[in-house]
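Going by this note's numbering, the letters in the sequence shown line up with residues 50 to 386, in that order. Each residue gets a CB set at the ideal place from its N, CA and C atoms; glycine is no exception. Note that this is a predicted model, so its numbers are computed, not measured.
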Amino acid sequence: MSDLAPFPVLVTGGAGYIGSHAVLALQDAGWPVAVIDNLSTGFRFAVPDDVPFYEGDVADEALLGRIFAEQGTRAILHFAGSIIVPDSVADPLGYYLNNTVKSRTLIAAAVKAGISRFVFSSTATIYGMSDVSPLHEGLPRDPINPYGWSKMMTEQMLADTAAAHDFDYCALRYFNVSGADPLGRSGQSTIGATHLIKVAVEAALGLRDHVAIFGEDYPTHDGTGVRDYIHVSDLAAAHVLALEALTREPGRSLVMNCGYGRGFSVREVLDAVDRVTGRRIERRQQLRRAGDPASLVADTGLIGQTLPWKPRYDDLDTIVAHALAWEEKLGEMRRGA
Ligand code: UD1
């Protein structure tokens with residue numbers, strides 16, 4: 050438990066997958082939290098009943114003003130946004146609106162209200178198709194799709210805002226977020242989600258008849274894509290520590306990778322799901338998915354030096370077990386059990 054006196058925090062996108070876990074982590078650490086979410090992809094049930102909930106848009110300045118006044122907001126954790134890479138290619142202007150333009154409104158409202166701490170969900174997609182492994186924060190940002198650009202532009206706005214105003218930010222560049230709250234309070238609930246672990250767990254439960262392996266000819270140890278899978282609750286804990294770091298040391302902004310620094314191939318993930326469920330998922334070989342890099346693994350040196358972050362669930366089978374437990378619970382909820 051921290052020695053800092055907690056103050057009110059606003060979580061945007063707090064009804065979504067990662068945002069809802071951040072709300073739980075903040076509450077568990079004693080921070081007063083409120084949520085703004087337009088429920089376009091989030092779920093009202095993902096926000097605990099005792100958390101003030103505002104249904105609306107992060108670009109609604111009047112609503113933001115009301116929330117800041119009612120809640121006494123002194124920090125913002127900004128998760129609201131769109132995250133599906135192929136959708137961003139089909140609808141770039143929609144992505145720039147949701148992820149960049151609306152973030153600008155939110156940042157401007159924060160500056161105007163004197164809210165000087167801001168934690169932002171950024172992404173490893175910013176590194177593009179880099180061949181470097183592990184990826185460190187000093188690499189050039191070189192996105193290859195509008196989703197990556199929309200996040201990169203927001204990182205840039207934050208950096209320029211921090212230089213000009215009394216405003217500090219932390220951008221956390223997420224690797225592959227997976228798993229679910231160990232206590233079963235939240236998880237990945239998106240219908241039609243494309244994430245490998247979610248898809249594989251759905252297949253193990255009979256909700257899909259197979260899992261496609263997108264490419265077996267990558268220059269990796271078994272030919273399939275390698276990713277750094279990070280448990281969503283460890284990621285959420287990193288946000289709370291980032292908020293504490295901004296509070297302890299005003300005048301310093303941070304940009305850090307958030308992963309575990311080790312990669313698993315698609316085959317290794319599917320083997321883990323088989324191990325945890327005791328069933329065998331059917332695999333089907335498919336061509337590479339457009340825009341997929343061979344390997345994305347975080348260099349974790351910077352976050353390790355900067356935050357007292359001790360991952361608790363850095364184990365693939367644990368991540369899969371938690372994802373599976375949530376998928377079973379979600380099935381019961383949807384059946385009305
Ligand atoms: C995910 C994130 C992205 C983030 C990136 C960081 C989403 C929607 N995507 O992308 O925002 O920047 O992590 O590392 O949150 N695969 C299969 N079969 C499937 C699904 C996936 O073989 O059915 C493979 C993919 O080709 C890839 C790996 O599994 O090699 C992971 O894919 P996925 O879970 O979709 O995540 P990313 O594309 O890495």
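Residue 129: which of 231, 290, 89, 278 sits nearest, CA to CA? 89
Using 7 angstroms as the cut-off, classify the Cβ of residue 315 as near or not near the heavy atoms of ligand 1, replying yes or no. yes
With DSSP as the reference, label residue 238 as helix, strand or coil. coil
Could you give the C-beta distance for residue 302 and residue 223, rounded to a whole number, given that I count them as a contact under 8 angstroms? Residue 302 to residue 223, Cβ: 18 angstroms. No contact.
From what residue to what residue does the beta strand (DSSP E) around residue 370 run? Run containing residue 370: none in the beta strand (DSSP E); it sits in the alpha helix (DSSP H), 365-383.
When 84, 55, 76 are compared against residue 62, the one with the closest alpha-carbon: 84
Can you tell which of 346, 294, 252, 319 has its C-alpha closest to the C-alpha of residue 365? 319
Tell me residue 404's beta-bridge partners as DSSP assigns them. Because the chain here runs from 50 to 386, residue 404 falls outside it and cannot be looked at.
Just to confirm the assignment, what range does the alpha helix (DSSP H) spanning residue 209 have? 195-213
Using only the heavy atoms of ligand 1, determine whether one of them is closer than 7 angstroms to the beta carbon of residue 311. For residue 311, the Cβ stays outside the 7 angstroms cut-off from all heavy atoms of ligand 1.
Quick one, are the C-beta atoms of residue 221 and residue 287 less than 8 angstroms apart? yes
Rounded to whole angstroms, how far is the Cβ of residue 274 from the Cβ of residue 263, which I believe are closer than 8 angstroms? 7 angstroms
My assumption, with CB atoms under 8 angstroms, is that residue 325 sits in contact with residue 252. Please give the rounded CB distance. Contact doesn't hold; Cβ gap of about 13 angstroms is too wide.
With H, G and I counted as helix, E and B as strand and the rest as coil, what does DSSP make of residue 70? helix
Does the stretch 289-297 come within contact of the stretch 228-246, defined as at least 3 CB pairs closer than 8 angstroms? no
When DSSP builds the beta bridges, which residues end up paired with residue 61? 85, 127
Suppose contacts are defined by Cβ-Cβ distances below 8 angstroms. Is residue 176 in contact with residue 225 by that definition? no
Quick check: the stretch 129-142 against the stretch 193-206, are there 3 or more CB pairs under 8 angstroms? yes
To the nearest angstrom, how far is the alpha carbon of residue 298 from that of residue 261? 47 angstroms
Which of the three DSSP states is assigned to residue 153 in this structure? helix
At 4 residues or longer, and completely inside the stretch 239-325: list those alpha helix (DSSP H) runs for me, N to C. Given a length threshold of 4 residues, each whole run of the alpha helix (DSSP H) inside the stretch 239-325 is given here in chain order: 245-253, 281-297.
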